[in-house]
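In what follows, a structure is listed as structure tokens, so that the remarks can point back to it.
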Amino acid sequence: MRKWLGLTLVMALVAAPAVAQVVTGKVAVVLDVGGRGDLSFNDMGFKGTDQAAKDFGLEMAEVQSATAADYLPNLRNLARTGQYDLIICVGFLLGDALAQAAQEFPQQKFAIIDSVVDAPNVMSIVFRENEMSALVGALGAMAAAHYGYPNVGVVLGIEIPVLYHFEAGYRFGIDWGNKKAAEVLGTKPVGLLYTYTGSFSDIALGKAATEAMLAQGAVGVYNVAGPLGIGDLEAITEFHRNRGTPSGPPYYFGVDANQDWLGNGQHGLASGMKRVDVGCYSAVEAVVKGTFTGGVTSLGLAEGGVGISKFVDLLEFIDFGISAGALKAEDRDLTIANWAVNRGTVPAWIWRAVDELEAGILDGTIVVPTADTVDEMQAVRARYTLGAP
Amino acid sequence: MTGNEGQPGGRLLRGVHRTLTGLHPALESVLAAVVGLLVGAVLMYIWGYDPWRAYWALLRGAYGGSYEIASSIARGVPLVLTGLTFAICLRGGMFNIGAEGQMYVGAAAAVCVAYFKLPPGLHVVAGVLLAAVAGAVWSLGPALLKLTRGVHEVISTIMFNWIGRFLVFYLVAYVLVDARQGQRTVQIPLSARFPVLVRGTDLSYSVFLAVAFALFVYVLLWHTATGYEVRAAGLTPTAARYGGISIKRTMLLSFILGGVAAGLAGAATVMGLPPTYAIISGLPQLMNLGFDGMAVAMVGRNHPIGILVAALFFGGLNAGGRVMQFYGSNPVPLEMVRVVMGAIVLAMAIPELARVFPALAASGRALVGMLSRKRPVEEAA
Numbered sequence: 001m002r003k004w005l006g007l008t009l010v011m012a013l014v015a016a017p018a019v020a021q022v023v024t025g026k027v028a029v030v031l032d033v034g035g036r037g038d039l040s041f042n043d044m045g046f047k048g049t050d051q052a053a054k055d056f057g058l059e060m061a062e063v064q065s066a067t068a069a070d071y072l073p074n075l076r077n078l079a080r081t082g083q084y085d086l087i088i089c090v091g092f093l094l095g096d097a098l099a100q101a102a103q104e105f106p107q108q109k110f111a112i113i114d115s116v117v118d119a120p121n122v123m124s125i126v127f128r129e130n131e132m133s134a135l136v137g138a139l140g141a142m143a144a145a146h147y148g149y150p151n152v153g154v155v156l157g158i159e160i161p162v163l164y165h166f167e168a169g170y171r172f173g174i175d176w177g178n179k180k181a182a183e184v185l186g187t188k189p190v191g192l193l194y195t196y197t198g199s200f201s202d203i204a205l206g207k208a209a210t211e212a213m214l215a216q217g218a219v220g221v222y223n224v225a226g227p228l229g230i231g232d233l234e235a236i237t238e239f240h241r242n243r244g245t246p247s248g249p250p251y252y253f254g255v256d257a258n259q260d261w262l263g264n265g266q267h268g269l270a271s272g273m274k275r276v277d278v279g280c281y282s283a284v285e286a287v288v289k290g291t292f293t294g295g296v297t298s299l300g301l302a303e304g305g306v307g308i309s310k311f312v313d314l315l316e317f318i319d320f321g322i323s324a325g326a327l328k329a330e331d332r333d334l335t336i337a338n339w340a341v342n343r344g345t346v347p348a349w350i351w352r353a354v355d356e357l358e359a360g361i362l363d364g365t366i367v368v369p370t371a372d373t374v375d376e377m378q379a380v381r382a383r384y385t386l387g388a389p
Numbered sequence: 001m002t003g004n005e006g007q008p009g010g011r012l013l014r015g016v017h018r019t020l021t022g023l024h025p026a027l028e029s030v031l032a033a034v035v036g037l038l039v040g041a042v043l044m045y046i047w048g049y050d051p052w053r054a055y056w057a058l059l060r061g062a063y064g065g066s067y068e069i070a071s072s073i074a075r076g077v078p079l080v081l082t083g084l085t086f087a088i089c090l091r092g093g094m095f096n097i098g099a100e101g102q103m104y105v106g107a108a109a110a111v112c113v114a115y116f117k118l119p120p121g122l123h124v125v126a127g128v129l130l131a132a133v134a135g136a137v138w139s140l141g142p143a144l145l146k147l148t149r150g151v152h153e154v155i156s157t158i159m160f161n162w163i164g165r166f167l168v169f170y171l172v173a174y175v176l177v178d179a180r181q182g183q184r185t186v187q188i189p190l191s192a193r194f195p196v197l198v199r200g201t202d203l204s205y206s207v208f209l210a211v212a213f214a215l216f217v218y219v220l221l222w223h224t225a226t227g228y229e230v231r232a233a234g235l236t237p238t239a240a241r242y243g244g245i246s247i248k249r250t251m252l253l254s255f256i257l258g259g260v261a262a263g264l265a266g267a268a269t270v271m272g273l274p275p276t277y278a279i280i281s282g283l284p285q286l287m288n289l290g291f292d293g294m295a296v297a298m299v300g301r302n303h304p305i306g307i308l309v310a311a312l313f314f315g316g317l318n319a320g321g322r323v324m325q326f327y328g329s330n331p332v333p334l335e336m337v338r339v340v341m342g343a344i345v346l347a348m349a350i351p352e353l354a355r356v357f358p359a360l361a362a363s364g365r366a367l368v369g370m371l372s373r374k375r376p377v378e379e380a381a
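Here's what the structure looks like:
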């Protein structure tokens, strides 16, 4: 028995290379230490690459990193094989390693999400997070005006340039929403509460920051710190439980993925979506179609790279949550119903105003400011003080 | 003892135990590695992966060529040093699990070289010294608590690991932070980095630091009077004290030496590992090197030479594990790779556990003996 098993395995070993040759190409996706299972950034990177591999008939390899010491070896190991048409690095933390690997393997095509690596064989995919953050900010400001809340909140992670895009856009959006609300309702402008927690992993920090904001009358909290959103949502859910309200303000604003369905869709009003999956997909597509070039590819509202969540996104990401085991299939309808009720607590004119802002950004009549450095960020903060002295 | 002589189960257990403990320590480690790999193979088979191909990938990825071997050695360098931390203290009769925290603090100290300029060679030496001193200082806390207040070192080192972790979190985020790159500290300048030894790999000259320190510990423990005292105090403290050895001195010495080793592990990582040469927020490149070092020490039978071999093995497991993830058409995901590694570590620990059994049995017998001595007295009364 055991002998046969061994023989079969040996034969499988011999036969395998022949099988592998049938597939035309290979792509690899390398994740940072955050790894899979975040239902957000990393999972979307996987999702987009996986989808592209299926659509274009490619073989896909997924490589996770146990520690940051694995980044460069993982890239080298993959590049050394010379078999991969494209290696995608998901996350700005891989930037240093990629800068080195791209130089060592000039023939290998790479792509990186969220970081700019200046090399001819690297496609740097960045997102205009300021655009969708502006939509979320406007929604929050108008909802606050409608319900008479004095503030809107945002919980951010580590103070890095990527997060400045979010903050700058969010500030602009709140300012835009304030003006709109003054026009429609004649209300006074609402303020902004923001906290850089210094962490992309400590969920408790997200919860604590959110609790402080809710105590100061925040109508909602925008999560710009990945997994900390779980803590944000927990604080909001507890706030509602203590007050005995099933929906309505304060709201949770998700990030990166569509996170509206989290907690069965009770408090997630909208998400500022950054479609990492779209970025990965377009990189693979560019390689397959032969249009791959090094340099920066910026994805915004117009390219479908970012956006504010809509009903179709909810359905797509509910399935994403179910397939990841984070949402029970039988809760699907309940989640959709909860979400619809929660959305209904925001009057129609606000949603129309958000659409108006979106259309303005799309046709170029409205330009959302952004910031890449501390100085630029300070300039945006000075321009949109939002209640700060 | 005579109680379970007749039971076949007892005899079997004793037989297995005798076989295991009768082996040469090195053979025990090899046996454990084989058992661990077999358990891993069974696990992979159950979950639908092909163990042969996976292990082939592991082997190829770990020792398949000069690039692979260099990568494995590079991954093993910090493990040699944190393994030594554990081993030195165990030889001195203490269970020091503080390598993790001491390594963090050492790494943070090494980053400080970015704030001053020195000629290339001296700059590296400065970083190494800073890290060694910082690691030693961090080990002083638990050492003094133990020597003056009798606080058990397991408790205090665990707590110092947490304090060290959050202290370094704070330093990385607010003090040593690079203003332009908030996700990491300032970078160690070129003049203070360990140059890369094998081009295109992670292997740097820090490997010589690790090997030299291992040899130093070997000579110190086995070929000097001080080392003899440390080991004697570790084996039987009462006898050692009777023989005129100051237990406090040997304990303090082994703690400090251990701290130095852990600090050096931090320096070797931040000064010798391309491409970042800085501590990243959340310490993702340092995390668990201290704890993995304990496994390395255990497999290396707490002997410096054994630790060198064990670190090469663990470095290989890690380096090969990276390759297992994308090798072949049904590659093994990282989670599975780590389960397999866990099985190996567990199997490695079993012979050590087998040695604990006689000690437990002895204390159990003593207890029974005490009780049974008591009974006749009661009966007599």
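Residue numbers (this note's numbering), protein chains in the order written: chain U, 1 to 389; chain C, 1 to 381.
Where a beta carbon is used, it is the ideal one built from N, C-alpha and C, also for glycine.
| Query | Result |
| --- | --- |
| Within chain U, partners of C/Arg365 - CB distance below 9 Å | Within chain U, no residue comes near C/Arg365; the closest Cβ sits about 42 Å away, beyond 9 Å. |
| Beta-bridge partners of U/Thr297, as assigned by DSSP | U/Ile125 |
| Stretch pair the stretch 159-166 of chain U + the stretch 372-381 of chain U: three plus CB contacts closer than 8 Å | yes |
| Within chain C, partners of U/Gly198 - CB distance below 7 Å | Ala173 |
| Spatially closest choice to C/Leu257 from C/Trp138, C/Tyr63, C/Ala109, by CA coordinates | C/Trp138 |
| Paired residues, beta bridge with U/Glu62 - DSSP | U/Val29 |
| Supposed contact pair C/Pro304 and C/Asp202 - C-beta distance, whole angstroms, cut 8 Å | 23 Å between Cβ atoms; not a contact. |
| Distance, U/Pro150 Cα to U/Gly217 Cα | 6 Å |
| Secondary structure of U/Val22, DSSP reduced to three states | Residue placement at U/Val22 cannot be trusted, given a pLDDT of 42 that sits under 50; what the coordinates show is reported in the next sentence. Coil, per DSSP. |
| Beta-ladder partner(s) of C/Met103, from DSSP | Partner(s): none; C/Met103 has no beta bridge. |
| Opening and closing residue of the alpha helix (DSSP H) in which C/Ser281 lies | C/Ser281 -> no alpha helix (DSSP H), and no H or E assigned at all. |
| For U/Ala52 and U/Glu285, the rounded distance between their alpha carbons | 7 Å |
| Distance between beta carbons of C/Thr226 and C/Leu253, contact taken as under 8 Å | 7 Å |
| Residue from U/Gly37, U/Ala28, U/Gly25, U/Asp202 whose Cα sits closest to the Cα of U/Leu327 | U/Gly37 |
| Buried versus exposed, by CB contacts within 10 Å (16 or more), U/Arg243 | exposed |
| Spatial neighbours of C/His152 in its chain, beta-carbon cut-off 6 Å, leaving aside the 5 residues before and after | none |
| Three-state secondary structure assigned by DSSP to C/Pro376 | For C/Pro376, the pLDDT reaches just 49, beneath the cut-off of 50, and the residue's location in the model is therefore unreliable, although a value from the coordinates is still provided. The answer is helix: DSSP assigns C/Pro376 an H, G or I state. |
| Secondary structure of C/Ser156, DSSP reduced to three states | helix |
| Where the stretch 357-376 of chain U meets chain C: residues whose CB sits under 9 Å from a CB there | Thr373, Val374 |
| Test: C/Gln285 CB closer than 8 Å to a CB of chain U | yes |
| Cut-off 6 Å between Cβ atoms - residues of its own chain near C/Leu334, not counting five sequence neighbours on either side | Gln325 |
| Buried or exposed by the 16-neighbour rule on C-beta atoms within 10 Å, applied to U/Tyr71 | buried |
| Assumed close pair C/Ile259, C/Gly135 - CB separation to whole angstroms, cut-off 8 Å | One point to set straight first is that residue 259 of chain C is Gly, not Ile, in the sequence displayed. Their Cβ separation, rounded to whole angstroms, is 4 Å, which keeps C/Gly259 and C/Gly135 in contact under 8 Å. |
| Coil, strand or helix - C/Met94 by DSSP | coil |
| Under 8 Å by beta carbon: chain D residues contacting U/Asp96 | In the structure shown, chain D cannot be found, because the protein chains are U and C. |
| For U/Lys328, the three-state DSSP class (helix, strand or coil) | coil |
| Contact residues within the stretch 288-319 of chain C, judged by C-beta distance below 9 Å to chain U | Asn288, Leu289, Asn318, Ala319 |
| Three-way DSSP call (helix, strand, coil) for C/Gln181 in this model | strand |
| Cβ contact check for the stretch 234-252 of chain U and the stretch 105-115 of chain U: 3 or more pairs under 8 Å | no |
| Span separating the alpha-carbon of U/Val296 from that of U/Phe127 | 10 Å |
| Beta-carbon proximity list for C/Leu312, same chain, < 6 Å, skipping 5 on both sides | Gly76 |
| Residue environment, U/Gln21, which counts as buried when at least 16 other CB atoms sit within 10 Å | Caution is warranted here: a pLDDT of 38 is assigned to U/Gln21, below 50, making its placement in the model unreliable, and the coordinate value is therefore given only provisionally. When all chains shown are included, U/Gln21 counts as exposed. |
| Closest by C-alpha distance to C/Met336, when choosing among C/Gly93, C/Asp50, C/Phe255, C/Ala32 | C/Asp50 |
| Limits of the unbroken beta strand (DSSP E) element including U/Leu192 | 191-196 |
| Which listed residue (U/Ser124, U/Lys47, U/Glu62) has its alpha carbon closest to that of U/Val27 | U/Glu62 |
| Boundaries of the beta strand (DSSP E) in which U/Lys289 is found, first to last residue | No beta strand (DSSP E) contains U/Lys289, which is instead part of the alpha helix (DSSP H) from 276-289. |
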